[in-house]
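Mapping of the sequence shown onto this note's numbering: position 97 corresponds to residue 78, and the numbering continues sequentially without gaps.
Think of the CB as a built atom: it goes at the ideal place given N, C-alpha and C, for glycine as much as any other residue.
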Amino acid sequence: RDEAFYGPDELTERDGVKYAPSGAPVEWVREPSYFFRLSKWLPELLRRYDLPEGHPERIDVQPEARRNEVRAFVQQGLKDFADKPEKLDLSISRTSFTWGVKVPGDPAHVMYVWLDALTNYITAAGYPDSTAPRWKFWPADVHFVGKDIVRFHAIYWPAFLMAAGIAPAKRVFAHGWWTIEGQKMSKSLGNAIDPVALVEEFGLDPLRYFLLREVPFGADGDFSRKALANRLNGELADALGNLANRTLSLIQRNCEGKLPAEATISPADEGLLDLLTSLQATVGGNLADQKFHIALEEIFRVVRAANAYITEQAPWALKKTDPVRMGAVLRHLHTVLRRVATMLQPFMPTTMSALLDQLGVPKDSRDIVALHTPLPAGTALPPPSPLFRKIEIEAA
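1) When you compare each of 365, 188, 256 to residue 229 by their alpha carbons, which one comes out closest?
2) Give me, in chain order, the residues of the same chain whose beta-carbon lies closer than 7 Å to that of residue -18; leave out the 5 immediate sequence neighbours on both sides.
3) Quick one, which of 279, 84, 314 has its alpha-carbon nearest residue 216's?
4) Around the Cβ of residue 74, are there at least 16 other Cβ atoms within 10 angstroms (buried) or fewer (exposed)?
5) DSSP has residue 127 in a bridge; who is on the other side?
6) Just tell me which of 20, 103, 203 has its CA closest to the CA of residue 64.
7) From what residue to what residue does the alpha helix (DSSP H) around residue 248 run?
8) If the criterion is Cβ atoms closer than 9 Å, does the pair residue 402 and residue 349 meet it?
9) Is the CB-CB distance between residue 314 and residue 240 below 9 Å?
10) Got a sec? Which residues, its chain only, sit under 7 Å from residue 32 by beta carbon, not counting five neighbours each side?
11) Inspect the CB distances between the region 169 to 179 and the region 352 to 359 and report whether three or more fall short of 8 Å.
12) If the criterion is Cβ atoms closer than 9 Å, does the pair residue 95 and residue -15 meet it?
13) What did DSSP end up calling residue -7 once you bin it into helix, strand or coil?
14) Leaving out five residues before and five after residue 182 in sequence, what residues of the same chain have Cβ atoms less than 8 Å from its Cβ?
15) Here's a check: name, in chain order, each residue in its chain whose Cβ is nearer than 8 Å to the Cβ of residue 285, leaving out the five neighbours to either side.
16) To which residues of the same chain is residue 255 closer than 7 Å at the C-beta, ignoring the five residues directly before and after it?
17) Out of curiosity, what's the CA-to-CA distance linking residue 212 and residue 304?
18) Is the CB-CB distance between residue 120 and residue 157 below 9 Å?
19) Flag this pair as yes or no: are the beta carbons of residue 56 and residue 27 separated by less than 9 Å?
20) If we count the other Cβ atoms within 10 Å of its Cβ and call it buried at 16 or more, is residue 141 buried or exposed?
21) Below 8 Å on the Cβ atoms is my guess for residue 222 versus residue 368; work out the distance and round it to an integer in Å.
22) Whole angstroms is fine: what's the gap from residue 377's alpha carbon to residue 188's?
23) Does the count of Cβ pairs from the region 147 to 162 and the region 196 to 210 closer than 8 Å reach three?
24) Identify the residues that DSSP records as bridge partners of residue 71: which are they?
25) Taking the alpha-carbon positions, what's the residue 89 to residue -5 distance?
26) Only counting runs of 4 or more residues, tell me where the alpha helix (DSSP H) segments fall wholly within the region 181 to 227, in order along the chain.
27) Taking the straight line between their C-alpha atoms, what separation do you get for residue -2 and residue 30?
28) Skipping 5 residues on each side, what residues in its chain have a beta carbon closer than 6 Å to that of residue 99?
29) Could you check what DSSP says for residue 97 in three-state terms: helix, strand or coil?
30) According to the neighbour-count rule (16 or more other Cβ atoms, all chains shown, within 10 Å of its Cβ), is residue 299 buried or exposed?
31) Classify residue 353 as buried or exposed, calling it buried when 16 or more other Cβ atoms lie within 10 Å of its own Cβ.
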């Protein structure tokens, strides 16, 4: 259940029962309490929300819909209680139960969970020891939260930190929910899906890929096994898996399993390699903005182009007629696969490690910087093996 204050305009009523935006029933509770002077910090929060991008004091709440929600809540509160700002102050202790962190000097009160629990973010980084090794990671670049608790993390938590003289996180990003037929998954509704069972059935890497690929990270997405199977079959098995298998099998058969030499770029190669040149910047920019689905789409745009390229160039037909050109085509395809596998490592670390093994890439040469150092011609490549299995859609 939620424990928070909601204004009358935020509640809905059905059959005489009032409900919070999350759908949970609410009730009025009255008890003695200590208060945090939130009213003092709300104007400063508004100022920081509105600072330009890149400003060191900016609190960047994303996606835009959540930013607008948070700003509107703060603005409306300041407007509604302009003559009584203390009404905006936050209750930070409870007397109706005894479990919890005692308020110093007043053991009859325990700290409100949304005050003491939030401090875990900084104590895990070493606070109050400023020399702790992990303290260098604070303030966090991005703080990921559920959209239903964005108020606690984008209003209350930054205010607590500023009051303590500690910098808040640079960005608060509220992710959406996976839904079933439009409803949030929950144990109480009995519609939750066991993620462990999904991993056992489909594999961890493919499932992670689907969750980040299928919908924008800040939006809700309706889960279906058919959508999962279609995505895994179409992009992983048919596109990437097929490209890797065709390329590496041709190198095994036609090049004695050794990487061909680098070759000059012909006009037929330029379209594919131009896409590859801009891929790092495009993917990096989208990752920085938490647009994971777009980053993956850009990577698979290259994969689709490479599949079209191998079909058009038909290197299997060039061994006798133009072996030099055959080697050039296969080398370009190997370059594409290496770059794609390197960039997909955060999404599918185990599978991409296996692909990089098949590509002959040393384990100490699997980061972005290493892409600028080509593998030497003649590098021995192991026989390829399938990376992904096809999912039967009927069974899914």
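Reading off the structure:
1) Here residue 229 refers to the residue found at position 248 when the sequence shown is read from its first residue. Ranked by Cα distance from residue 229, the first of 365, 188, 256 is 365.
2) For the purposes of this step, residue -18 is taken as residue 1 along the sequence shown, with counting starting at 1. Caution is warranted here: a pLDDT of 49 is assigned to residue -18, below 50, making its placement in the model unreliable, and the coordinate value is therefore given only provisionally. Answer for residue -18: 5, listed in chain order.
3) The residue labelled residue 216 in the question sits at position 235 within the sequence shown. The shortest C-alpha separation from residue 216 is found at 279.
4) By one-based count along the sequence shown, residue 74 stands at place 93. Burial call: buried.
5) Indexing the sequence shown from 1 puts residue 127 at position 146. Paired residues: 156.
6) Translated into positions along the sequence shown, residue 64 becomes position 83. Of the candidates 20, 103, 203, the one whose C-alpha sits nearest the C-alpha of residue 64 is 20.
7) Looking up residue 248 in the sequence shown gives position 267. Segment 248 to 269, the alpha helix (DSSP H) holding residue 248.
8) Outside the displayed span of the chain (-18 to 377) sits residue 402, for which this structure offers no information.
9) Along the sequence shown, read from residue 1 onward, the residue named residue 314 stands at position 333. Along the sequence shown, read from residue 1 onward, the residue named residue 240 stands at position 259. No.
10) The residue you call residue 32 lines up with position 51 of the sequence shown. Result list for residue 32: 38, 39, in chain order.
11) Of all C-beta pairs linking the region 169 to 179 to the region 352 to 359, fewer than three are shorter than 8 Å, placing the two stretches out of contact.
12) To locate residue 95, count along the sequence shown from 1; it is residue 114. To locate residue -15, count along the sequence shown from 1; it is residue 4. Taking 9 Å as the Cβ cut-off, residue 95 and residue -15 qualify as a contacting pair.
13) Position 12 of the sequence shown, counting from 1, holds the residue named residue -7. If DSSP states are grouped into helix, strand and coil, residue -7 belongs with the strands.
14) By 1-based counting over the sequence shown, the position of residue 182 is 201. Answer for residue 182: no residue qualifies.
15) Sequence index remark: in the sequence shown, residue 285 carries index 304 (1-based). Cβ-Cβ distances below 8 Å link residue 285 to 220 in the same chain, with the five nearest sequence neighbours on each side left out; the list follows chain order.
16) Locating residue 255 in the sequence shown gives position 274, counting from the first residue. The answer is none, since no qualifying residue turns up.
17) For this step, residue 212 is matched to residue 231 along the sequence shown. For this step, residue 304 is matched to residue 323 along the sequence shown. Counting only the Cα atoms, residue 304 lies some 36 Å from residue 212.
18) If you number the sequence shown from 1, residue 120 lands on position 139. If you number the sequence shown from 1, residue 157 lands on position 176. Pairing residue 120 with residue 157 gives a Cβ-Cβ distance that is not under 9 Å.
19) Within the sequence shown, residue 56 is the residue found at index 75, counting from 1. Within the sequence shown, residue 27 is the residue found at index 46, counting from 1. Going by C-beta atoms, residue 56 is nearer than 9 Å to residue 27.
20) In the sequence shown, counting from the first residue as 1, residue 141 sits at position 160. Buried, by the Cβ-count rule.
21) Looking up residue 222 in the sequence shown gives position 241. Looking up residue 368 in the sequence shown gives position 387. Confirmed, Cβ separation roughly 5 Å.
22) Walking along the sequence shown from the start, residue 377 turns up at place 396. Walking along the sequence shown from the start, residue 188 turns up at place 207. Only weak support exists for where residue 377 lies, its pLDDT of 48 falling under 50; the value from the coordinates is given anyway. Whole-angstrom Cα-Cα distance: 13 Å.
23) The region 147 to 162, when compared against the region 196 to 210, does touch it at the 8 Å Cβ threshold.
24) Numbered from its first residue, the sequence shown carries residue 71 at position 90. Looking at the DSSP output, residue 71 sits in a beta bridge with 17.
25) Numbered from its first residue, the sequence shown carries residue 89 at position 108. Numbered from its first residue, the sequence shown carries residue -5 at position 14. Using only the alpha carbons, I get a separation of about 37 Å.
26) The qualifying runs are 185 to 194, 206 to 212.
27) One-based indexing of the sequence shown puts residue -2 at position 17. One-based indexing of the sequence shown puts residue 30 at position 49. Computed Cα separation, rounded: 35 Å.
28) Start at 1 with the first residue of the sequence shown, and residue 99 comes out as number 118. 138.
29) Stepping through the sequence shown from its first residue, residue 97 is reached at position 116. Helix, per DSSP.
30) As a working mapping, residue 299 is identified with position 318 in the sequence shown. Buried.
31) Position 372 of the sequence shown, counted from the first residue, corresponds to residue 353. Residue 353 is exposed by the Cβ-count criterion.
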